[in-house]
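Those protein sequences? They're chains A and B, same order as listed.
For the first sequence, the residue numbers in the numbering used here are 1 to 112.
For the second sequence, the residue numbers in the numbering used here are 1 to 113.
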Amino acid sequence: QKEVEQDPGPLSVPEGAIVSLNCTYSNSAFQYFMWYRQYSRKGPELLMYTYSSGNKEDGRFTAQVDKSSKYISLFIRDSQPSDSATYLCATDSGAGSYQLTFGKGTKLSVIP
Amino acid sequence: DVKVTQSSRYLVKRTGEKVFLECVQDMDHENMFWYRQDPGLGLRLIYFSYDVKMKEKGDIPEGYSVSREKKERFSLILESASTNQTSMYLCASSSWTGLYEQYFGPGTRLTVT
Chain A
1 QKEVEQDPGP
11 LSVPEGAIVS
21 LNCTYSNSAF
31 QYFMWYRQYS
41 RKGPELLMYT
51 YSSGNKEDGR
61 FTAQVDKSSK
71 YISLFIRDSQ
81 PSDSATYLCA
91 TDSGAGSYQL
101 TFGKGTKLSV
111 IP
Chain B
1 DVKVTQSSRY
11 LVKRTGEKVF
21 LECVQDMDHE
31 NMFWYRQDPG
41 LGLRLIYFSY
51 DVKMKEKGDI
61 PEGYSVSREK
71 KERFSLILES
81 ASTNQTSMYL
91 CASSSWTGLY
101 EQYFGPGTRL
111 TVT
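Set out below in C-alpha cells:
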C-alpha cells in the first residue's frame, strides 16, 4: 500500500508566524522523505530531503520525521509572503521502487 | 543547478490529435519521469525511464506512450488526445546516487478541446 495523507488547507498565517505543515504515511517501510514547494503555475521545487527519522534544518526550514508515528512535518520560521505556495510531502514507495508517493499538497498563504 | 526544461508551457490541441511533449535535462541524470497533476488528485506518475530506451509504466499509463532515445531527453506521447487528458504535465529527473531527489521542470499545461 502506498499512501500519504496531507491536509489540503488552505492555511493562512500572518507574516512572521511559525508554520507547521504535516503529513502522515501508512507504510513503515518508507525510508526517504521529501518536501517540495510549488508556486502557482510552476513545477515543484525540492526543498528538503531526509532519510529515516530525525530533524534536518536549512535556514528557516526544518523537516522532521517521526517514524514511530509515521508522521512528517515541515516547520517554517519567520514566515514571509514569498513562502506562499503549495507544499507537497513525498516519500519513497519502498521495496526498491523508483517511484515517489506524493501527498496532495497544502496551500499556504502568508499575509503581510 | 539542475535544469529540466519542457518544450511548451501552454498547449491547446484538438481531440484525436497526436501530441508530443518533450523534456530535456542537463545534469546527466539517469532517471526521468512524467507526471500529470490535477486538482484534488495530486501528482500521478505516468511513465518513467531509468536508462536510454528503457521505460516502465507508472500508475496511469493508459493513453500515453514514451520515448527515450537520448539520455537527456524524454518524450511523452498522447497517441490520440482526449478531453480527459487536459492537465498539467510535469517532467522530472533524478540520478542513481540521489534516486529520490527528483527535480521538476516548469510544466506544460495541456488543454484538449
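Built from N, CA and C at the ideal position, the CB exists for glycine as well.
In this text, all values refer to a predicted model and were calculated from it rather than measured experimentally.
Return helix, strand or coil for residue i, following the three-state DSSP convention.
i             : result
residue 87(B) : strand
residue 95(B) : coil
residue 97(A) : coil
residue 92(A) : strand
residue 7(A)  : coil
residue 83(A) : helix
residue 54(B) : coil
residue 27(B) : coil
residue 37(A) : strand
Taking the beta strand (DSSP E) that residue i belongs to, which residues open and close that run?
i              : result
residue 72(A)  : 71-76
residue 22(A)  : 19-25
residue 42(B)  : 42-49
residue 32(B)  : 31-38
residue 73(B)  : 73-78
residue 81(B)  : From DSSP, residue 81(B) is part of no beta strand (DSSP E); its letter is neither H nor E.
residue 102(B) : It is not in any beta strand (DSSP E) - residue 102(B) carries neither H nor E in the DSSP assignment.
residue 58(A)  : 54-58
residue 6(B)   : 4-6
In the DSSP output, which residue or residues are listed as bridge partners for residue i?
i              : result
residue 15(B)  : Paired residue(s): none; residue 15(B) is not in a bridge.
residue 111(A) : 14(A)
residue 111(B) : 12(B)
residue 65(B)  : 77(B)
residue 66(A)  : 71(A)
residue 46(A)  : 36(A)
residue 104(A) : BP columns for residue 104(A) are empty, so no partner.
residue 61(A)  : 58(A) and 76(A)
residue 30(A)  : In the DSSP output, where bridge partners are listed per residue, residue 30(A) has none listed.
For residue i, which residues from the same chain have a beta carbon less than 8 Å from its beta carbon, with the 5 sequence-adjacent residues on both sides left out?
i              : result
residue 101(A) : 2, 3, 4, 25, 30, 90, 91, 92 and 93
residue 11(B)  : 19, 21, 108, 109, 110 and 111
residue 124(B) : Because chain B is modelled from 1 through 113, residue 124(B) falls outside the range shown and cannot be assessed.
residue 59(A)  : none
residue 13(A)  : 19, 79, 108, 109, 110 and 111
residue 99(B)  : 31
Leaving out the 5 sequence neighbours to the left and right, which residues in its chain are closer than 7 Å to residue i when beta-carbon positions are compared?
i             : result
residue 85(A) : 37, 38, 39 and 108
residue 30(B) : 50, 51, 95 and 96
residue 59(B) : 44 and 45
Could you check which residue in the options has the C-alpha nearest to that of residue i?
i              : options                          : result
residue 83(B)  : 8(B), 9(B), 17(B) and 3(B)       : 17(B)
residue 24(B)  : 8(B), 36(B), 14(B) and 38(B)     : 8(B)
residue 14(B)  : 36(B), 106(B) and 85(B)          : 85(B)
residue 61(B)  : 74(B), 45(B), 73(B) and 72(B)    : 45(B)
residue 78(A)  : 88(A), 99(A), 50(A) and 15(A)    : 15(A)
residue 18(A)  : 81(A), 104(A), 105(A) and 103(A) : 81(A)
residue 105(A) : 74(A), 88(A) and 47(A)           : 88(A)
residue 51(A)  : 32(A), 69(A), 57(A) and 43(A)    : 32(A)
residue 41(A)  : 103(B), 113(B), 101(B) and 90(B) : 90(B)
residue 27(B)  : 43(B), 75(B) and 4(B)            : 4(B)
residue 73(B)  : 40(B), 37(B) and 105(B)          : 105(B)
residue 113(B) : 6(B), 81(B) and 103(B)           : 81(B)
residue 42(B)  : 28(A), 98(A), 6(A) and 83(A)     : 6(A)
Which same chain residues, not among the five before or five after residue i, have their C-beta less than 6 Å away from its C-beta?
i              : result
residue 165(B) : Nothing in the structure corresponds to residue 165(B), since chain B is present only between 1 and 113.
residue 33(B)  : 48 and 92
residue 53(A)  : 65 and 67
residue 65(B)  : 77
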